[in-house]
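Engineer: I have a structure here, written as structure tokens, and I will follow up with some questions on it.
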Amino acid sequence: MFALLFCGSVFAQINQLNRFSNGSNYQTDNQGRPMPKQQPGSDSLKLRDKNEDSITISYHYFDSSLIHQIDSSINDFGTRLLIPFTSTDLGNIGSPTESLLFTPYMKPGWNAGFHSMDPYRLTLNNTKVYSATRPYSVLGYMLGQRGEQYIDVLHTQPRAKGNVNFTFEYRLLNAPGAFTNQNNANSNLRVNIAINSANKRYKSNFIVIRNSMQAAINGGLVDPASLDNLALGNTLEAVTRLGSGNTASSNPFNASVATGDIFKDVTLYLRQSFDLGQKDSIMKNDTVVYRLFYPRLRFEHSIKFTNYNYSYIDKSPVADDYLEYYQFIAPSDTINFHDNWKELTNEFALYTYPVKKNSNQYLKLYIDEQSLSGKLGNTFQQKYNNIFAGAQYRNTTRNKKWDIDANGALYLAGNYSGNYFAGISLQRDFGKKIGSLQLGFQNVNQTPAYIFNSSAGTSLAFGDSTQVNTSSHSGFPVIAASDFKNQNITKAYAVLYVPSVNMKLLGNYYLYKNYTYFKDYFTAAQNSSPFNLLQIGIEKETRLGKFFHWYIEAYAQQKAGDVPLHVPALMMRNRLSFEGNFFQNLYIATGIEARYISPYKPDGYSPFTGQFYYQDDERISNRPDISFYVNFRIKRFKFFAEYTNLNTVNWGQNGFGFNHYNFVAPNYPALGLWLRVGIWWTFIN
1 MFALLFCGSV FAQINQLNRF SNGSNYQTDN QGRPMPKQQP GSDSLKLRDK
51 NEDSITISYH YFDSSLIHQI DSSINDFGTR LLIPFTSTDL GNIGSPTESL
101 LFTPYMKPGW NAGFHSMDPY RLTLNNTKVY SATRPYSVLG YMLGQRGEQY
151 IDVLHTQPRA KGNVNFTFEY RLLNAPGAFT NQNNANSNLR VNIAINSANK
201 RYKSNFIVIR NSMQAAINGG LVDPASLDNL ALGNTLEAVT RLGSGNTASS
251 NPFNASVATG DIFKDVTLYL RQSFDLGQKD SIMKNDTVVY RLFYPRLRFE
301 HSIKFTNYNY SYIDKSPVAD DYLEYYQFIA PSDTINFHDN WKELTNEFAL
351 YTYPVKKNSN QYLKLYIDEQ SLSGKLGNTF QQKYNNIFAG AQYRNTTRNK
401 KWDIDANGAL YLAGNYSGNY FAGISLQRDF GKKIGSLQLG FQNVNQTPAY
451 IFNSSAGTSL AFGDSTQVNT SSHSGFPVIA ASDFKNQNIT KAYAVLYVPS
501 VNMKLLGNYY LYKNYTYFKD YFTAAQNSSP FNLLQIGIEK ETRLGKFFHW
551 YIEAYAQQKA GDVPLHVPAL MMRNRLSFEG NFFQNLYIAT GIEARYISPY
601 KPDGYSPFTG QFYYQDDERI SNRPDISFYV NFRIKRFKFF AEYTNLNTVN
651 WGQNGFGFNH YNFVAPNYPA LGLWLRVGIW WTFIN
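Written out as structure tokens, the structure reads:
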């Protein structure tokens with residue numbers, strides 16, 4: 001019934017759009033500029049270069065008015081892998097990941113607490129709303145060793161004379177990995193229908209998102225030293241703590257996880273708005289009249305339904321392994337810890353535009369009603385209802401020199417009453433030579449994530465014969481206190497862009513009170529002492545001649561205060577690249593990339609709770625990660641190839657090989673020498 005209501009609403013919107021279109025004697029291009037309606041047989045793109053994608057295709061992110069052009073660059077293979085170099089995973093693409101740059105979750109209200117797979121998710125915030133005068137498609141396929149496969153599909157096209165845009169996105173990853181029980185199977189789907197009536201008064205977005213992330217977790221190696229004595233370098237011989245008997249399928253459409261974490265979510269979203277404002281018109285060459293509309297007041301309603309499923313499963317648990325490595329007494333049959341949440345939100349918003357000809361200056365006032373229903377474990381259920389309100393003031397001046405964004409939200413009633421967020425950002429553009437400076441401040445007061453509550457009516461049994469009887473809440477095996485206080489996080493930041501020298505400087509300062517964390521596989525804790533953390537960074541491109549470029553990204557961070565938190569003091573990525581345009585249509589980028597992370601004590605990972613946890617016993621000191629890449633583009637065809645982890649080269653007692661492994665977490669080695677080859681092909685009809 002819910003889906004039928006959505007579909008009915010969309011068809012009603014299209015009918016309304018057709019009614020608005022009747023009699024209109026103008027249309028707009030992808031920038032919203034008026035242009036004459038084309039007569040049959042005419043072609044507004046006739047004099048344009050058909051290979052210049054950015055002329056007719058652009059996009060903006062959901063809830064942002066900043067226009068972006070299609071990225072045709074090929075000099076960074078890392079853009080194909082979804083996570084930045086400042087993040088680490090469990091040694092295989094698509095596995096749980098954690099940022100090594102301190103980046104706390106800064107949103108008030110309810111939060112399930114499972115974020116280790118967030119970089120792979122499609123969300124409302126990272127939805128791209130395309131403006132295209134022709135259908136645009138991208139097909140991507142990447143192949144790695146041992147059957148690793150990645151499929152990437154995008155299609156967007158205009159309908160109803162450009163006033164309706166349909167976008168379809170699909171991603172599929174199957175990565176069996178180099179070690180036993182390390183396979184990851186992620187799939188993502190998003191459909192977006194954006195409607196803008198011909199008279200510019202009515203707008204809507206209907207978005208469907210589905211994410212499925214399945215990560216087999218092997219718990220790390222039983223003996224990391226065994227990597228030095230593998231027969232013919234076969235890493236599948238290395239014994240793992242969990243799932244040692246599991247096998248992975250190389251078929252991306254039939255991949256499954258027998259022991260590991262499975263995170264899934266489905267979102268249905270509909271937003272509609274109607275504007276009141278002023279009509280206007282301009283005449284060109286005394287013959288063509290452009291009809292314009294300037295919004296002054298907007299009424300908006302949005303409804304969102306999301307179903308979240310989080311689980312840890314082991315279909316064939318080995319009781320001795322759980323007892324020896326985790327001091328946990330496992331049942332003899334299938335282990336299945338799980339939380340299921342359903343969220344329904346309704347938002348009513350009012351926008352005012354004080355300046356007639358500047359739609360980027362507005363004041364938004366909104367109020368939301370949120371209903372939450374959770375099934376935690378096998379029997380326990382939880383229901384929450386919240387009401388929160390907020391405001392946002394945005395002003396990008398017409399001369400584009402000043403940009404201010406101030407926003408805040410407060411939970412007025414419900415289980416999260418008193419949670420709030422406040423932030424302001426001010427940016428000044430000083431021109432192409434000097435660049436721009438952005439200053440910002442944020443503060444959030446939030447209830448700790450729901451996962452930090454104790455397990456739902458269960459009794460956890462441990463190897464020392466103790467029984468921990470927990471009261472209620474999460475269905476995962478969590479031991480927690482019952483008096484966790486709200487977390488308060490303050491962030492001040494500055495970003496300086498200097499385009500004349502291709503450089504960006506940034507700085508972040510955090511003040512954190514009541515830091516909540518996991519201190520082992522099962523136990524949640526809170527540190528009441530406030531602490532500070534400072535980050536500084538630089539991104540710089542330097543030309544070393546006609547064809548050679550040097551790219552550097554470096555970040556340093558330092559904490560102050562007694563807090564159970566370890567972060568690397570320095571992270572750096574350097575790329576030395578040979579780039580050029582040859583034979584008119586051939587663009588080449590090839591070179592060496594090196595990533596360095598200073599020695600530190602990395603977090604461990606608990607598959608039973610889906611959380612990274614603090615550990616103070618093991619310090620890692622890795623070689624720099626070194627890769628060689630060859631990328632090229634011919635018109636709309638892109639080719640990417642990378643040989644990564646060249647740093648594993650080793651001259652040992654057993655001779656020459658690539659078996660000197662870096663470690664990403666205690667007992668978790670990174671991949672060895674690895675080859676990936678991919679193509680991305682763009683089609684514009």
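For the sequence shown, position 286 (counting from the first letter as 1) is numbered 286 according to this note's numbering, and the numbering increases by one without interruption.
Beta carbons: idealized from backbone N, C-alpha and C, even for Gly.
1. Could you tell me whether the region 576-590 touches the region 537-557, where touching means 3 or more Cβ pairs closer than 8 Å?
2. May I ask whether a heavy atom of the ligand HEM can be found less than 7 Å away from the beta carbon of I489?
3. Report all residues from its chain with a CB closer than 6 Å to the CB of G507; omit the five preceding and five following residues, and keep chain order.
4. With contact counted as at least three CB pairs below 8 Å, one residue from each stretch, are the region 113-125 and the region 388-395 in contact?
5. Would the beta-carbon of T447 fall within 8 Å of that of Y416?
6. Hey, how far is the Cα of I387 from the Cα of N340?
7. Apart from the five residues on each side of it in sequence, which residues of its chain come closer than 6 Å, Cβ to Cβ, to A185?
8. DSSP state of V501, grouped into three classes?
9. Would you call Y515 buried or exposed, if buried means 16 or more other Cβ atoms sit within 10 Å of its Cβ?
10. Buried or exposed: N125, going by 16 or more other Cβ atoms within 10 Å of its Cβ?
11. I need the straight-line Cα distance from Y450 to Q361, nearest angstrom please.
12. Taking the beta strand (DSSP E) that L350 belongs to, which residues open and close that run?
13. So R676 packs on S72, CB below 8 Å; how close in whole Å?
14. In terms of residue numbering, what span does the beta strand (DSSP E) encompassing A160 cover?
15. Where does A248 sit, in a helix, a strand or coil, going by DSSP?
16. Ends of the alpha helix (DSSP H) at L230?
17. Around the C-beta of Y105, are 16 or more other C-beta atoms found within 10 angstroms, so that it is buried, or is it exposed?
18. Thinking just about the alpha-carbon of each residue, which of Y517, F452, Y294 is nearest to the one in F274?
19. Taking DSSP's pairing of strands, which residues face I626 in a bridge?
20. Please classify G390: does DSSP put it in a helix, a strand, or coil?
21. Quick test of your reading: R190 and T127, contact by CB under 8 Å. State the CB separation rounded to the nearest angstrom.
22. For a minimum of 3 consecutive residues, which ranges assigned as the beta strand (DSSP E) are wholly contained in the region 526-559?
23. Assuming the contact rule is C-beta atoms closer than 8 Å, K491 and E539 should be a hit. Round their C-beta distance to whole Å, please.
24. On the three-state DSSP scale, how would you describe N51?
25. Are there 16 or more other CB atoms within 10 angstroms of the CB of P96, so buried, or fewer, so exposed?
26. Compare the Cα-Cα distances from A330 to each of K635, W110, F462 and report the closest residue.
27. Can you give me the C-alpha to C-alpha distance between L426 and E618, rounded to a whole angstrom?
28. Just tell me which of V318, V567, G591, L236 has its CA closest to the CA of Y613.
29. Whole angstroms are fine: how far does the CA of K383 sit from the CA of H473?
30. Compare the Cα-Cα distances from S316 to each of D333, D63, Y326, E324 and report the closest residue.
31. Across which residues does DSSP place K432 in a beta bridge pair?
32. Assuming E324 is part of the alpha helix (DSSP H), what are its boundary residues?
33. Buried or exposed for K638, please, with buried defined as at least 16 other CB atoms from any protein chain shown within 10 angstroms of its CB.
34. Quick check: what's the CA-CA separation for Q272 versus G678?
35. Skipping 5 residues on each side, what residues in its chain have a beta carbon closer than 7 Å to that of F62?
36. Let me know the secondary structure DSSP gives D71 once reduced to three states.
Structural biologist: Short version:
1. yes
2. As far as ligands go, the structure on display features none, and thus does not contain the ligand HEM.
3. Start at 1 with the first residue of the sequence shown, and residue 507 comes out as number 507. Only A494, I536 meet the Cβ criterion.
4. no
5. Sequence index remark: in the sequence shown, residue 447 carries index 447 (1-based). Sequence index remark: in the sequence shown, residue 416 carries index 416 (1-based). The answer is yes: Cβ separation under 8 Å.
6. If you number the sequence shown from 1, residue 387 lands on position 387. If you number the sequence shown from 1, residue 340 lands on position 340. Going by the C-alpha atoms only, they are around 22 Å apart.
7. Residue mapping note: residue 185 aligns to position 185 of the sequence shown, counting from 1. Contacts found: N174, Q214, A255.
8. Walking along the sequence shown from the start, residue 501 turns up at place 501. Correct three-state label for V501: helix.
9. Walking along the sequence shown from the start, residue 515 turns up at place 515. Buried, since its Cβ has 16 or more Cβ neighbours within 10 Å.
10. On the sequence shown, position 125 is the one that residue 125 refers to. With fewer than 16 other Cβ atoms within 10 Å, it is exposed.
11. By 1-based counting over the sequence shown, the position of residue 450 is 450. By 1-based counting over the sequence shown, the position of residue 361 is 361. In a straight line, the C-alpha of Y450 is about 37 Å away from that of Q361.
12. Stepping through the sequence shown from its first residue, residue 350 is reached at position 350. Note, L350: beta strand (DSSP E), 335-352.
13. If you number the sequence shown from 1, residue 676 lands on position 676. If you number the sequence shown from 1, residue 72 lands on position 72. Contact flag wrong, Cβ pair sits at about 20 Å.
14. Within the sequence shown, residue 160 is the residue found at index 160, counting from 1. First-last for A160: undefined, no H or E at that position.
15. Taking the first residue of the sequence shown as position 1, residue 248 is located at position 248. In the structure shown, A248 sits in coil (DSSP, three-state: anything other than H, G, I, E or B).
16. The sequence position of residue 230 within the sequence shown is 230, counting from 1. Taken as a continuous stretch (DSSP letters only), L230 belongs to no alpha helix (DSSP H), as it is neither H nor E.
17. Start at 1 with the first residue of the sequence shown, and residue 105 comes out as number 105. Exposed: under 16 other Cβ atoms inside 10 Å.
18. Translated into positions along the sequence shown, residue 274 becomes position 274. F274 has its Cα closest to that of Y294, out of Y517, F452, Y294.
19. Here residue 626 refers to the residue found at position 626 of the sequence shown. Partner(s): A594.
20. As a first step, residue 390 is located in the sequence shown; it is residue number 390 there, counting from the start. Note: G390 maps to strand in three-state DSSP.
21. Taking the sequence shown and counting its residues from 1, one reaches residue 190 at position 190. Taking the sequence shown and counting its residues from 1, one reaches residue 127 at position 127. Contact flag correct, Cβ pair sits at about 7 Å.
22. 531-543
23. Working through the sequence shown from its first residue, we reach residue 491 at position 491. Working through the sequence shown from its first residue, we reach residue 539 at position 539. No, K491 and E539 are not in contact; Cβ-Cβ is about 20 Å, not under 8 Å.
24. Looking up residue 51 in the sequence shown gives position 51. With a pLDDT of only 41 at N51, under the threshold of 50, the placement of this residue in the model should not be trusted; the figure read from the coordinates follows. DSSP places N51 in coil when its eight states are reduced to three.
25. Counted from its first residue, the sequence shown places residue 96 at position 96. P96 comes out buried.
26. Along the sequence shown, read from residue 1 onward, the residue named residue 330 stands at position 330. Among K635, W110, F462, the Cα nearest to that of A330 belongs to F462.
27. One-based indexing of the sequence shown puts residue 426 at position 426. One-based indexing of the sequence shown puts residue 618 at position 618. Annotation: L426 to E618 spans about 42 Å, alpha carbon to alpha carbon.
28. Numbered from its first residue, the sequence shown carries residue 613 at position 613. For Y613, the nearest C-alpha among the options comes from V567.
29. Position 473 of the sequence shown, counted from the first residue, corresponds to residue 473. Position 383 of the sequence shown, counted from the first residue, corresponds to residue 383. Each residue's Cα considered, the two are about 11 Å apart.
30. Counted from its first residue, the sequence shown places residue 316 at position 316. Closest by alpha carbon: D333.
31. As a working note, residue 432 is residue 432 in the sequence shown. Paired residues: none, contrary to the question.
32. Within the sequence shown, residue 324 is the residue found at index 324, counting from 1. E324 -> alpha helix (DSSP H) spans 319-326.
33. Within the sequence shown, numbered from 1, the residue matching residue 638 stands at position 638. Answer is buried; the Cβ neighbour count reaches 16.
34. For the purposes of this step, residue 272 is taken as the residue at position 272 of the sequence shown. For the purposes of this step, residue 678 is taken as the residue at position 678 of the sequence shown. Using only the alpha carbons, I get a separation of about 39 Å.
35. As a position in the sequence shown, residue 62 is number 62, starting the count at 1. Within the same chain, F62 has close Cβ partners L124, N125, T127, V129.
36. Within the sequence shown, the letter at position 71 stands for residue 71. Correct three-state label for D71: coil.
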